[in-house]
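Numbering (UniProt numbering), first residue to last: 586 to 1112. Worksheet: one structure, shown below.
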Ligand code: HEM
C-alpha cells in the first residue's frame, strides 16, 4: 500500500488540481491506455491453443474493423501470410474466423446445416428490404423451395426470350441517353451500367409492365431500398433513422406495386408468359400451399436486389477493363464478325455460345472483381477444422473469401493480370482448372432442394459461391452480361481518357465492392 501511495499519490494530487475539461481528457486517455494494455496482454498471455490465431489489434470491439473494411482483399492477403489460411479477427466486436483457399471455401460454404447458418447473419439487413417470409426470414428448407421455384423459371426457353429483350434495352438506352449523343465523349460509366442492369433485369425477369415503371417512380424507390443495405445497418437496422424510414416506406410501396400487378394478372389469366412473376404465381410448396402473393412480391424484390448489385458492378468493371485494353475490345468485335457474319444479325441466345472470348470477359472480370468479397455464416455447433488442432467455437462468425484463391498464383499464373484469353485451353496463362477440369466422379454434385449443384469443393474459382446458398442467378447473370457486352462492342470503341492501361481502384464502402467513382472512360462510336 505504502509503495502504491508513494507512486500514485503525487500523480493523483496533480490530477485533482486540473480543470474539469483537462480532467476529462486525461481520464479518457488513461482509460484508453489501460484498455489497450489489458487487451494486448490478453492476446499475448491467454492464447487459446485450440482456436485459430487472432489478428493482433490494439482496441477491443473495434479490433481490425477499419483495416478490414478499407480493403478486405489486402487484409486477407497480409494476414494469410502472417498467420496461415485460418485466422480470427475482431469485426465490430465479433470474433470472425476467416478460412481462405479451396479447403476453407469448402469448410464454410458446404458446412452442414447443424453447424452453419446464413440467415442469422443476414436477416437484419435483408428482411426490412425484401419483406417477411422469404429468403432469410424463413426456415432454410423454405428458402430451398423458393430457390427451386426461381431456378425452374430460368429455363433455356426463358433465356431464349431474354436475349432480344436485353439487346433492345441496351441499344435503345444508348440511343436516348444524352451522355451518348454524338460521335464520341467522356462518361462516368458506373451509373450508366447500373441503369442498364436494372432496365434489362426488370424487363426480362419481371415483365414489361414493371419495367415501364422504372422510368417513373420505381427507380427512386429501389434506391431507397438500397440504402437499407448500408453496412452500418448490421447494427442500426432497427433505428428510426431517416434512411431506415425511407427504406420501410419504399418496401411497403414496391411490395404493393407487385401485389397489385399479381392481382391484375390473376384476373386476366395468361398461358404463355416467361417471366419470373408468372412462374411464381403458378408454384406451390411441397405441402400443397400455393405461394402467397405477398411472398411472390417479396421474392421479386429479393431477386432484383440480389442481381442488381452484383451484375451492375461486374458490368461496370468489364467496361473499365475494356477501356484499359482496347485491343481486347477489338478482338471481341472481330470474334462476332467471324462467328456471326459481317452484317452482325440480331443477337440470339444460341449466338452467345459461339463467342468464347465474350464469355471469357465475364469470367475473367469476376475472377478479379467478384462483387461479394466476404460470405459469412454464424457457427451453430463447435466445428473442428480438419487437419488442424483448431475447433471453431459457437461465439465466432465464419467468413469465406473465395476471391483469395481466385487471385492466388498457385492456381492462376500472373494472378493480378486481367487476361481473358487465359480461359482458352492453350494460352501461357491458362489455369489448371481449365487444363485439367475435374472429371464427373471428382466433381461431387448435391441437391439441397433446388436441383443438383456442384459442391465446388476443390475449386479455387467460386464467384457464385457454393453449397446450399449458391447463386441461382449465375446463368441469368451470364446471359445478361454477355448480351450487354456483345451489344456494347457492336456500338462503341472504348479507351481510357489518358490513353493508359490503368484501372481505377475498388470501393469497399458498401456491402458489394464496385469501382471507385467517377470512373470516366472515353467512348467513340463505330461507324
Ligand atoms: C447467392 C454471386 C447474380 C440471385 C449468391 C452468392 C454469391 C452470388 C457469391 C452466395 C451468397 C452466400 O453464400 O451467402 C453473384 C454474382 C452475380 C450474381 C457474382 C452476378 C455477376 C445474381 C442474379 C440473381 C441472383 C442476377 C437473380 C436473378 C441470388 C440468390 C442467391 C444468390 C437468390 C441465394 C442466396 C441464398 O441462398 O442464401 N450470389 N450473384 N444472383 N444469388 Fe447471386
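Where is the CB? At the ideal position from N, CA and C, for every residue including glycine. Since this is a predicted model, take the numbers as computed values, not measurements.
Assigned with DSSP and collapsed to three states, residue 868 falls in coil, not helix or strand. Looking from the CA of residue 1019, the closest CA among 897, 1045, 669 and 628 belongs to 1045. Remark: C-beta atoms of residue 984 and residue 966 do not approach each other more closely than 8 angstroms. Remark: the shortest separation between the CB of residue 732 and any heavy atom of ligand 1 falls under 7 angstroms. According to the DSSP assignment, residue 681 belongs to no alpha helix (DSSP H) but to the beta strand (DSSP E) extending over 679-684. Three or more Cβ pairs drawn from the stretch 657-677 and the stretch 968-986 lie within less than 8 angstroms of each other, which places the two stretches in contact. Not one heavy atom of ligand 1 falls within 7 angstroms of the beta-carbon of residue 756.
Rounded to whole angstroms, the separation of the alpha carbons of residue 661 and residue 1091 is 15 angstroms. In the structure shown, residue 992 falls within a coil segment according to DSSP collapsed to helix, strand and coil.
A residue is called buried when at least 16 other Cβ atoms come within 10 angstroms of its Cβ; residue 1054 meets this threshold and is buried. If you draw a 10 Å sphere on the C-beta of residue 692, you find 16 or more other C-beta atoms in it, and that means buried.
Ranked by how close their Cα comes to the Cα of residue 719, the residues 881, 920, 814 and 992 have 881 in first place. With a threshold of 7 angstroms, the Cβ atom of residue 1042 does not count as near ligand 1, since no heavy atom of the ligand is closer than that. Per DSSP, reduced to three states, the secondary structure at residue 673 is strand. Its Cα nearest to that of residue 993, the residue 685 stands out among 979, 685 and 932. In summary, residue 769 is exposed, with fewer than 16 beta-carbon neighbours lying within 10 Å of its beta-carbon over all protein chains present. Remark: C-beta atoms of residue 755 and residue 1109 do not approach each other more closely than 8 angstroms. One thing to note: residue 710 has its Cβ within 8 angstroms of the Cβ of residue 814.
For residue 817, the three-state secondary structure derived from DSSP is coil. Its chain contains 635, 636, 637, 671 and 969 as the residues whose beta carbon lies nearer than 8 angstroms to that of residue 975, once the 5 sequence neighbours on both sides are disregarded; these appear in chain order. Beta bridge pairing from DSSP links residue 962 with 983.
When the beta-carbon positions are compared, residue 913 and residue 1005 come within less than 8 angstroms of each other. Contact check between the stretch 782-798 and the stretch 858-868: three or more CB pairs, one atom from each, fall below 8 angstroms, which counts as touching. Closest in C-alpha terms to residue 749, from the list 1106, 1065 and 1099, comes 1065. With three or more CB-CB distances shorter than 8 angstroms, the stretch 901-909 counts as touching the stretch 772-788. Exclusion of the five residues before and after residue 1033 leaves 729 and 1053 as the residues of its chain whose Cβ lies within less than 6 angstroms of its Cβ. Within the DSSP secondary-structure output, residue 1108 pairs in a beta bridge with 770 and 1079. Remark: C-beta atoms of residue 942 and residue 1067 do not approach each other more closely than 8 angstroms. Within the same chain, Cβ atoms closer than 6 angstroms to the Cβ of residue 997 are found at 1016, the five residues on either side in sequence being excluded. In this structure, ligand 1 has a non-hydrogen atom nearer than 7 angstroms to the beta-carbon of residue 1061. Beta bridge pairing from DSSP links residue 1032 with 1037. DSSP lists 963 as the bridge partner or partners of residue 702. Note on residue 633: under 16 other CB atoms within 10 angstroms of its CB, so exposed under the neighbour-count rule. Taking the C-beta atoms as reference points, residue 716 is found nearer than 8 angstroms to residue 879.
When the beta-carbon positions are compared, residue 949 and residue 1007 come within less than 8 angstroms of each other.
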